[in-house]
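Protein chains in written order, with the working numbering: chain A, 330 to 1045; chain B, 49 to 412.
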Amino acid sequence: MSSTTLDFTSFGKRLRSSYSPRLLLSELLLKQWFEPVIPFTVMIALGLYFSVTIPEYGTLANTASLLRLFAEFGFVALGMALSLISGGIDLSVGAILAASNFAALYYLYVLELPTWGVILATLATGGAIGAANGALVGYLKARPFLTTLVTLIILRASVNLLNERYATVFATNSVDSSAWDYMGDGTLLGIPINAAALLAVLLVGHVLLSRSRYGWHLTAIGASRKAARHAGIRVERMLFATYVLSGMLCAVGGVFYAARQNSTDSTTGVGWEFQALTAVVLGGVSLAGGKGTVWRAMIGGLIVFMLTNGLVRLGIPGYVTSAVIGVILLAAVGIDVKWSKNRGKAAQKIYVNPARLPLADAPSIEAGSGSPYAHNNRLVNAEAIGLNQVEGPEDVILDRHDRLYGSTRDGNIIRFSGPNLEQREVFAHIGGRPLGMQFDANENLIVAVAGMGVYGVKPDGTVFKVTDETSRTWYKLNDDSRLRMADDLDIAPDGKIYFSDCTTRYEMTTNTLDVMEGRPNGRLVCYDPATKKTSTVLNHFYFPNGICVSHDGKSVLIASTSLCKIFRYWVAGPNKGKLEVLIDDLPGLADNINRASDGTYWLALVGIRSPAFDLAMRNPGLRLRMVKQVPIDEWLAPGMNHGCVLKFTESGEVLGSWWDPSGVSHSTLTSMREHKGYLYLGGLENNRIGRIKLDGVDETWTGYEAYWGGKRRDRG
Amino acid sequence: MTWQIMPGLLVPDTRTQPFAPGGRRMSASANSAPPRLRGQVAKSAAFKPSQEQIVLLITLLLLVVFSVALPGFSSIANLLNLMRSISILGILSLGMGLIVISRGIDLSEVAIMAGSWSVALIEIQKGMPVFWAASIAVGIAVAIGLANGAMVAFIEAPALFVTLAAGFVIYGVAFWFAPAWVVYGPKDAPGLLFLGAGHIFGIPVPILVFAAAAVLMHLFLSRTSTGRFIYSQGDNPESARMAGIALRPLIVLEYVIVALVAWLAGLVWIGTTGSMQMAITQGTMVFDVILVVVLGGISLVGGRGGVFSVVVGCALIGTLLNAFTIMDINSEVQNIIRGVVLLAAIILDNWLHPRDEETARQGD
């Protein structure tokens, strides 16, 4: 092993090379839960700051009294959040709180309703005001911002008028109701009653918003009103209901406010709409609508509340607080707009993170060099089967009846039969991009399908799913439970299906990026038909591609495309669980491996290394700039216009190579199968399946009989 | 652009220009008739009363009714007083009209007026020459306009949110510099007070200032390419951008103009009252301004109306406010009435010039 290469057999080293800070950030940006993390941190930091600067701020008693002050604002913020999620806005929330506060006191002192009656009547009042907003916004399709701003003015003026008339009545009257007093200063399990009520409403609201039909419809309307209407959602009615709900939430706040203060004046709820708006946008409820949770609204609410409350306690005048809240709103709105517009772009920009990948020195492939890799013309005159009848047969295989199968780009398995293999038929349509294939003991054709998983085709052509997911790696940010790109597979004597999932960060269409990244993003996965369980055997593997169970069935050979190496992984015997390098210095990018008739193995090289490619693999910065700045068809790539087929022994010694340097008939070579003295050739981009006659091999040998038919070496 | 290619179709009323694609949506209930050809639109529009004409008619009717019903209403002194009292509202509405024509809005206009001038007056109290103080006020106004415009144009934040928040920031910062609800101006600065308090041939100068500002704004909007660009932006910002109009600098310019108009209104305000009241930033004055603009026919969808709309809207609101004062109506009741009227105006505007609420952005 050359001194410049790294040891890729140890798990720890592979794990370390799969991460970098930039890579973590790019994956973090794609996480839904990442957004509220920032405001949450701000909230905690603010709480800590005030507990340090304000004496006795952090005490339990103070927290309880703060919660009691906060709860009513929390209800108002929640109402604001609902209207924002619906794609509108309700600026009248503060005024509805004031109106509900007045209404509650009116019902209590003037109409002398019992406490439950007061609560219900106030809720109805808030709901009715919300209904006016909802009718204007939902049914009359008025502009939510200006409409609710105007209803705010009208409501505020009305409440002020009523206040003037009833303030003395409220001040002189008193009721003797323990229930009402409990609403004002009671506690539930040590939590102030209004905060406990808020918590209950939040829990219900969370379920309603994220798990119920109402919430899904609401989010859909906020995200795209047109699409929601086309989906059959009754947009007008939903919007109406949302403003009613918003009004009722404010009314709940109003009842608690009334019970706590038992008075009304012209400053009740003034500016709350502005603070609530700041709060929910700060918490991460998007102005654009369709995005937000009750918790985000509460995080923002707590920040704004702690800030206003804390600034008052620090003796800072109200106008400064007003300016601070204004600046925060400006910043939050700006960040919200920019974030929703550019988040995807930013994540995409830093998603590809090339790493240094020093490859072993490439052996010579020069014709006449005497190297086993030396160029020759052995494939130039290969016979063409199904010329222009197959589109990119990545893998080829033959069954017991000498019929030839190819997995093509259009999601089909194409079968050729008849004496000269001229009879073409679509054996099965699986979908996805079928790649590697293998027959199991029952002659089912098991296929690795990129984008879908592992599927099987019964001899009669029916398709069935084998597996499409594996266990999730708990420490990975990207959910890797889905099989993104199952590439090749082989079946062990015990029926276990070993297959490669060559990348967990990219897809079939972008898998070149994985090679360009040069990180161990792939894995070897095993499906056990006995337990029907799928598990990841080797995690963090460099683009595992070809998979082949050894002749003795005790180990699995893995071709690593980006490392240009062949590995052996022991699945049985004394070395079970060990991973070792079998061939270290291939001259090209390894693809499928298959068994040969003489106890050796065939290997296809899909691309050929060049000094420039090797240099690029050692220079991650170059590759990063290339991926970012150069169009994809001008990227530096290995020589992809002609590949070769190699033969190597159980000990990793390469015996010879088969080339088509013209690149005309077999521009790519990704697979080959030996069958009755012939070698069949498949390629990812070819328009045919090739065939050459092999000299001096067992002309009765077939892959199926040799493996399943009792001729296997481990059975003697 | 259409009016250059087909000048024959050009009608004097900008609101009914046939090239306005943004406002003439087929879903409009007003357009329930089968689609008409362009020429027919222009022709029939000539016979149909425009919103300005309707508002003017209502104003005249109200004037007649109030003259009969309210003693002292129709006196020359009261009418001059009426015009004087609405001139500040009118000047502010000219700026708001411009920004609404461009499909924006500026809720911080009143705050700019109060904030910039209260700082300037405090400086005058501390001994700064009037000219330099006025220059500081201009500087503050322009700076706020630039900031508002940059937030809207470059950050692409919705104008409603930006200017709403800006109003609070301006109030807070200005109060920090000038911590008083009422900042009094100098008694002996004729240059400063002339625009608000002076008379020319018996006519109060504020009326003349409003008239001059209206003429200037009209010329700017209808006779300069920048003015026409503002209309095309309001009609359809996206096509205006694609037609090659540098939209972002234009938006910044619009907000700066609004701020300058607010500064001018502040100058008149100080002359009229001798002081600057910080309380107006917290009040509903800015909604009166929006009411004037929307009522007069400058639709919130943008690209509609003009200076004449502001003038007639102002006349209607001025008449109403003056009548309220004479009838001595409680200010809260006034607020309710104005709120209901504004609500009606917005809904009517929405009905006359429907926007596509399905593709509308938050804050439109």
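From the three backbone atoms N, C-alpha and C, an ideal C-beta is built for every residue, glycine too.
Under the three-state DSSP convention, the category residue i falls into
i, result
"Y232 of chain B", "strand"
"C877 of chain A", "strand"
"K670 of chain A", "helix"
"N741 of chain A", "strand"
"P285 of chain B", "helix"
"K174 of chain B", "coil"
"S986 of chain A", "strand"
"K794 of chain A", "strand"
"S1007 of chain A", "Here residue 1007 of chain A turns out to be Tyr, not Ser, going by the sequence shown. DSSP places Y1007 of chain A in strand when its eight states are reduced to three."
"G244 of chain B", "helix"
"Y856 of chain A", "strand"
Contact list for residue i against chain A, beta-carbon separation under 8 Å
i, result
"G314 of chain B", "Result: empty, since nearest Cβ-Cβ is about 19 Å, beyond 8 Å."
Proximal chain B residues relative to residue i, where beta-carbon distance stays under 7 Å
i, result
"I654 of chain A", "F216"
"N638 of chain A", "The premise fails here: N638 of chain A is roughly 17 Å from chain B at the closest Cβ pair, so nothing lies under 7 Å."
"V649 of chain A", "G220, W224"
"L634 of chain A", "Before going on, a small fix: residue 634 of chain A reads as Phe here, not Leu. In chain order: nothing, as chain B lies at least about 17 Å away."
Contacts of residue i in chain B (Cβ-Cβ under 9 Å)
i, result
"I645 of chain A", "Within 9 Å Cβ-Cβ: nothing; I645 of chain A doesn't reach chain B, min ~10 Å."
Check: residue i C-beta below 7 Å from any heavy atom of the ligand NAP
i, result
"L951 of chain A", "Ligands displayed in this structure: none; no statement on the ligand NAP is therefore possible."
Short CB-CB distance (under 8 Å) between residue i and chain A
i, result
"I42 of chain B", "With chain B covering 49 to 412 only, the question about residue 42 of chain B has no answer from this structure."
"N383 of chain B", "yes"
"A205 of chain B", "yes"
"L348 of chain B", "yes"
"E157 of chain B", "no"
"E286 of chain B", "no"
"I394 of chain B", "yes"
"G387 of chain B", "yes"
"L400 of chain B", "no"
"A189 of chain B", "no"
"A310 of chain B", "no"
"A327 of chain B", "no"
"T274 of chain B", "no"
Any C-beta of chain B under 8 Å from that of residue i
i, result
"S332 of chain A", "With a pLDDT of 42 at S332 of chain A, under the threshold of 50, the modelled position of that residue is not reliable, and the figure given next carries that caveat. It does not; no Cβ of chain B falls within 8 Å."
"Y402 of chain A", "Per the sequence shown, the amino acid found at residue 402 of chain A is Phe instead of Tyr. Not one chain B Cβ lies under 8 Å of F402 of chain A."
"K470 of chain A", "yes"
"I482 of chain A", "yes"
"F569 of chain A", "no"
"K667 of chain A", "yes"
"S487 of chain A", "yes"
"V405 of chain A", "no"
"L975 of chain A", "no"
"F603 of chain A", "yes"
Integer Cβ distance of residue i from residue j, believed to fall under 8 Å
i, j, result
"N710 of chain A", "P990 of chain A", "Not really, about 13 Å apart at Cβ, beyond 8 Å."
"N262 of chain B", "V355 of chain B", "Rather than Asn, the amino acid found at residue 262 of chain B in this sequence is Ala. Between V355 of chain B and A262 of chain B the Cβ distance is about 5 Å, and since that is below 8 Å, they are a contact."
"L484 of chain A", "I522 of chain A", "Their Cβ separation, rounded to whole angstroms, is 27 Å, which puts L484 of chain A and I522 of chain A out of contact at 8 Å."
"M144 of chain B", "V341 of chain B", "5 Å"
"V210 of chain B", "V662 of chain A", "7 Å"
"G782 of chain A", "L812 of chain A", "4 Å"
"W224 of chain B", "V649 of chain A", "6 Å"
"N378 of chain B", "S133 of chain B", "At roughly 19 Å, the Cβ-Cβ gap does not stay under 8 Å, so N378 of chain B and S133 of chain B are not in contact."
Partners in chain A for residue i, counting only beta-carbon separations shorter than 9 Å
i, result
"T373 of chain B", "Simply none; closest approach about 17 Å."
Beta-carbon neighbours of residue i, restricted to chain A and to distances below 7 Å
i, result
"M199 of chain B", "L659, G663"
Neighbouring residues, chain B, relative to residue i (Cβ below 8 Å)
i, result
"V479 of chain A", "F335, G387, L390, L391, I394"
"L490 of chain A", "N378, E380, V381, I384"
Is there contact between the stretch 430-444 of chain A and the stretch 497-505 of chain A, where contact requires at least three CB pairs shorter than 8 Å? yes
Counting Cβ pairs, one atom from each stretch, are 3 or more of them under 8 Å apart for the stretch 622-642 of chain A and the stretch 453-472 of chain A? no
For the stretch 844-861 of chain A against the stretch 980-987 of chain A, do three or more pairs of beta-carbon atoms, one drawn from each stretch, fall closer than 8 Å, so that the two count as touching? By the Cβ rule, the stretch 844-861 of chain A does not count as touching the stretch 980-987 of chain A, because fewer than three pairs are nearer than 8 Å.
The stretch 815-828 of chain A / the stretch 865-882 of chain A touching (three or more Cβ pairs under 8 Å): Three or more pairs of CB atoms, one per stretch, sit closer than 8 Å, so the stretch 815-828 of chain A contacts the stretch 865-882 of chain A.
Quick check: the stretch 288-308 of chain B against the stretch 339-355 of chain B, are at least 3 beta-carbon pairs closer than 8 Å? no
Touch test, the stretch 273-281 of chain B against the stretch 159-178 of chain B, Cβ-Cβ under 8 Å, three pairs minimum: Touching, no.
When the Cβ atoms of the stretch 223-242 of chain B are set against those of the stretch 678-688 of chain A, are three or more pairs found closer than 8 Å? no
Between the stretch 913-926 of chain A and the stretch 880-892 of chain A, do at least 3 Cβ pairs fall closer than 8 Å? yes
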